[in-house]
Amino acid sequence: MTDNSSPPYLSLMLLSASALGYELLLMRLFSIIQWHHFAYLVIALALLGYGISGSLLYLRPAIVLRRFSQLYGLALLLFALSSISGFMLAQSISFNIEELFWNPSQILSLILIFLLLALPFAFAASAICMTFMHYPSDTISKLYAADLIGAGLGAIITLIAIYYVMPQNLLIGLSLTGVVATLIAIWETDIKPKTTLQLLTVAISALFFVIIPDLKLNYSPYKSLAQTLNIKGARIIDQRTSPLGHLTLVVNPQIPFRHAPGLSLLNTVEPLEQIGLFVDGDNLSAITRYPQRREELSYLDQTTSALAYHLKTPDKLLVIGSGTGSDLLQAHYHRVESIDALELNPQIIALVNQDYRSFAGPVYDNPFTQLHIKEARDYLLESQQQYDLIKLSLTEGASASSSGLYALNESYLYTREAMQLYLSRLRPEGILSITRWIKLPPRDSLKLFATAHQALQAMRLDNIEKRLLMIRNWQTSTLLIKNGLFTNRELEKSEQFCRTRLFDQAYHHQLKAEQSNRYNLLSEANFYRATRQIASGELENLIDNYKFELRPATDDRPYFNHFFKWQSFIEALKLRGSGGMPLIEWGYVVLLLSLGITGLLSGLLILLPLLLMPKNPSPSNSNLSGSVIGYFGAIGLAFLLIEIGTIQKFQLFLHHPIYAIAASLTAFLCFSGLGSYLSERLSQNQSYKQSTAKAILALCVIGLGYMLILPVLFDALTHLPVAIKIAITILLIAPMAICMGMPFPLAIAAMKRNRADQIPWAWGINGYASVISAGLSTVIAIQYGFKTVLLCAILLYLTTLMTFPGNAAEPD
C-alpha cells in the first residue's frame, strides 16, 4: 500500500540536517569530554542506529503502512527529545577504557553508552525509512535526495555554528530543530487534528526542556583539565569554541602553573606567571606574562628545544604552531630579530593578542614578529621564503600522547613529504628543529628520526648520518636536521649544552655508546642503538623487530602517532597486573574494539530478519535475499570508504581540516542528493538495473581517473587562494557524488514493485555496512594508505553489478 499524496520533503530535509548535525556535534563533544578516538565510536553508533531502524521496521511493516502519519511525526519528536537526554545519560556513566580487560562492568557500561547514543539515530532513520515504505516508487529518488541534501546542509551549518555557539548550547539548538521538524511534519502529512497535535507537541517539548537539568560537560577524570581543576585554587576564567578545539583558560593563584616542557632539573630561575590553556580538555599550553626584563626568560633556555640557538643564532626564524607564544619568547631571549609565526587556530591568537594582551604583552605585536594564521604546509608552498631555523612546536598533550590516544589523528605535519618541504625552505647550513614528548619505551622520537632519515634519502643528499642530531631529557626530545653537515665545533657545543643541563645525547654521527645514556638513565640505551640502526640503513630490520610500529608516516598514511603492534599489545596485556596497561596504544584498540562490537551486532541484526521471514522454499526467494545483502552491503561499505578516503585526500589539498571536511562532506551529500533526484529520469527509458550499471561504471571510471590525476592536479593548483581551491574541491567531487547518489534509490524503486516488504531490511543492511565501513576505512588507511581505501571502494561498487536486487522485481 502506498500513498499518492505529496511526501513530507521539508520535514525530512530538516530531520536529516538535524541528525547529521547531531552526529558531527557528538564527535566534537566526545573529543572534548573523552578523547579524539571516541569520534569514531560516534560514527559507528550513528550508522548502527540507522541499521537498527531497518530491522525493527521490517518486523511490523503493516503497522507502518496503516499508521504512517502518526508514526512519522512520533519518530521525529522522539529524535528531538532523545538527542539531549541520551547524551546526558551517556556522559553520566562512568567509563574507563583501560579497565575493560579486568573489570567486566566496564563492558556493560560501554554497551549502555552504545545504546543510549544510537537511540536518537534509530528514531531519525526510522522516519526516513518509513517514507520509502509508504510512498510510491517514482518518489523514492526525490525522498532520498531530500535526505541527502538536508544532511549536506546540516553538515555545513553545524560546522559554522560550532565557531559561534558553545557545544552544549548547540546540542539544545539541534534538539529544538527536531521539534520544529515535528511541527512541520504534522502540517505536511494527513494526520488530524493538526492544530491540537501541534499544540500538544509544543507542550510536551516545553515540559521536557523545563524538567531536564542544566546541560554541563563532564570531562573525563583522566584528562588533564579535570585533574587540574581538582587542585586547590584552580578555576576556569574563560572558554571559547570552534571546530579546531574547545579552549578553556584556567588560573590558580595558590598553586601557579609552571609549564615549561623539557625543563632541566638544574634550572634555578622561576618561570613567569602563567594562565593555563587547555584544548579539548587536554593539550595544556600556557599564556605567559610578558617579561619586564629579557633575563626573566632564561628558564626557556634550559629546555631541549633551545639547543639550535646554541649552535647558531638565526637571522630568520619560522615557528610552526606558535600558539600561546612560548617559542616566540624563547626566540626573544636569544635576540632573534626576524620571526615568522604560524598558527592555525585564530581563536588562540585572539586570546593572546587581544583579550589577554595586558597579560601576554606584545608577544605577536612587535617589530620582529610577522603573524600568519595559516597551516604550515599551505604557507610554505605559497611562500618561497628561506630560513636559518624552522621550529615545530609541541602540539599535543603529554598525558594523552604517552597513552597512545592520538593514534588515530591524521597529521600532515610529520610525514616524509612534509619533512622534505621543511628542508627545502632552509638556507644553506640552516636547521630544522622538532621537539616531541618522550614516550617510554621509546617510539615517538625514533619514528621522527626514521621519517627525517627517509626524507633526506628522498632528497638524494649525501652524508645523511652527519645531518642529524638528537638530544633528550626526562620529558622531551629534540631532533635537529641540518641543511649541511654538523661540524665538530657544533657537536662540541651540543655536548656542552647537554652536560650543563643534564640532558642526554641520543644521536650524532660521532657519538659513542657510553656517552648516550648518562643522566636520564634507561635500563637499555634504546635511543642510541635504534638511531644508529636507522642511520646505518637498517630501518626495515628495526621496523620488523621493534615492539612498536616505527614505519615513517607519509601523505598516503599520515598517522604519525600510530605505534600499535599486536606483539606489544599482547605482552602489555599479560603484564596488566604489574603496570603494563600504559604501554597499550589505546586509540587503535578502541577503534578495533568498536569495529568488532558493531560488526558483530550488525551481522546478527542482518541475519535476524532471515530467521523471522515466512518460510518460502522457492529458490528465487533465497537468491533475492542474498542479492539484497550483497548489493546494499556493498554500496553501504563503498559509499563511506570513498567519502572518508576522499576527505583525507582533499585535506592535503586544502591544508586545513575544517575546510576539507566542510567542503567535501557538503559536496558529497548535496550532489549525491542531486544524483538521487536525477536517477528517476535516467530510468525512464531503461530498466532500473541498466541505469544503476551505467552510474556505477561511470563512478568507477571517475574514481580510477582521480587516483591517477589528483596528485598531479594538487601540485599544480596548490598555490591558488583557499576560496578557489574550495570551489575546485566541490567541482571535482560533484561528478563522483552524483553517480554515488543513484544506486540506492534505483534499487529501492525496483524492489518497490513486488518486494516492498524487504525495503526496511535493505535500509538496515545499508546502515550496518556503513557502520563497519566507518572503522574499516581507518584500519585500511593506517595499514595500507588511502589509495587502497579508494581502490577497495571501487571494487565493492563493481560487485553490485552482479547482485542488483531488482531481478525478481522487474524485467531486464
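This note's numbering numbers the first residue of the sequence shown as 559 and each following residue consecutively. Backbone N, C-alpha and C define an ideal beta-carbon position, used for all residues, glycine too.
- By the neighbour-count criterion, in which 16 or more other beta carbons inside 10 Å mark a residue as buried, residue 1066 falls on the buried side.
- Annotation: the continuous beta strand (DSSP E) that includes residue 1030 extends over 1026-1030.
- Assignment of residue 928 by DSSP, reduced to helix, strand and coil, places it in the strand class.
- The Cβ neighbour count for residue 607, taken over all protein chains shown within 10 Å, is at least 16; the residue is labelled buried.
- Taking C-beta atoms as the reference points, residue 783 and residue 839 count as a pair closer than 9 Å.
- Residue 640 places its beta carbon 9 Å or farther from that of residue 653.
- For residue 647, same chain residues with a beta-carbon under 8 Å away, outside a window of 5 residues either side, are 674 in chain order.
- Here residue 862 is not near residue 888, since their CB atoms are 9 Å or more apart.
- For residue 949, the three-state secondary structure derived from DSSP is strand.
- Note on the stretch 1307-1357: whole alpha helix (DSSP H) runs with a minimum of 4 residues are 1317-1342, 1344-1357, in chain order.
- About 7 Å separates the beta carbon of residue 1321 from that of residue 690, a gap short enough to meet the 8 Å contact definition.
- If only complete runs of 3 or more residues are kept, the stretch 1000-1069 shows the beta strand (DSSP E) at 1026-1030, 1034-1040, 1062-1065, in order along the chain.
- When Cβ pairs closer than 8 Å are counted between the two stretches, the stretch 1232-1250 is seen to touch the stretch 1302-1316, the count reaching three or more.
- Here residue 688 is buried: its Cβ has 16 or more other Cβ atoms, across all protein chains shown, within 10 Å.
- Annotated three-state conformation of residue 975 is helix, per DSSP.
- The criterion of a C-beta distance shorter than 9 Å is not satisfied by residue 990 and residue 875.
- Within a 10 Å sphere around the beta-carbon of residue 760 sit fewer than 16 other beta-carbons, which makes this residue exposed.
- Listed as beta-bridge partners of residue 884 by DSSP are no residues whatsoever.
- By the Cβ neighbour-count rule, residue 669 is exposed, with fewer than 16 other Cβ atoms within 10 Å of its own.
- Distance from the CA atom of residue 1292 to the CA atom of residue 604, rounded to whole angstroms, is 25 Å.
- If you draw a straight line from the Cα of residue 720 to the Cα of residue 867, it is about 40 Å long.
- Every unbroken stretch of the alpha helix (DSSP H) spanning 4 or more residues and falling wholly within the stretch 772-843 is given here in chain order: 782-787.
- As the crow flies, the alpha-carbon of residue 1051 is around 16 Å from that of residue 1074.
- Within the same chain, 1190, 1194 come within 6 Å of residue 1324 by CB-CB distance, once the 5 residues on both sides are set aside.
- Setting aside the 5 residues that flank it on each side, residue 644 is surrounded in the same chain by 674, 675, 677, 678, each with a C-beta closer than 7 Å to its C-beta; the list follows chain order.
- Annotated as distal: residue 977 and residue 1003, with beta-carbon spacing of 9 Å or more.
- Going by beta carbons, residue 833 and residue 809 fall inside the 9 Å limit.
- Excluding its 5 nearest sequence neighbours in each direction, residue 802 has C-beta neighbours in its own chain below 6 Å: 903, listed in chain order.
- Straight-line spacing of the CA atoms in residue 664 and residue 671 works out to 10 Å.
- Contact check for residue 1111 against residue 1117 passes: the beta carbons are separated by less than 9 Å.
- Using a C-beta cut-off of 8 Å, the stretch 718-737 makes no contact with the stretch 615-630, since fewer than three inter-stretch Cβ pairs fall below that distance.
- According to the DSSP assignment, residue 875 belongs to the beta strand (DSSP E) that extends over 875-878.
- Non-local beta-carbon contacts of residue 1329 in its own chain, meaning distances under 7 Å to residues more than five positions away in sequence, involve 602, 605, 606, 609, 1156, 1160 in chain order.
- Annotated as proximal: residue 1213 and residue 939, with beta-carbon spacing under 9 Å.
- Collapsing the DSSP output to three states places residue 898 in a strand.
- A direct Cα-to-Cα measurement between residue 1208 and residue 714 gives close to 16 Å.
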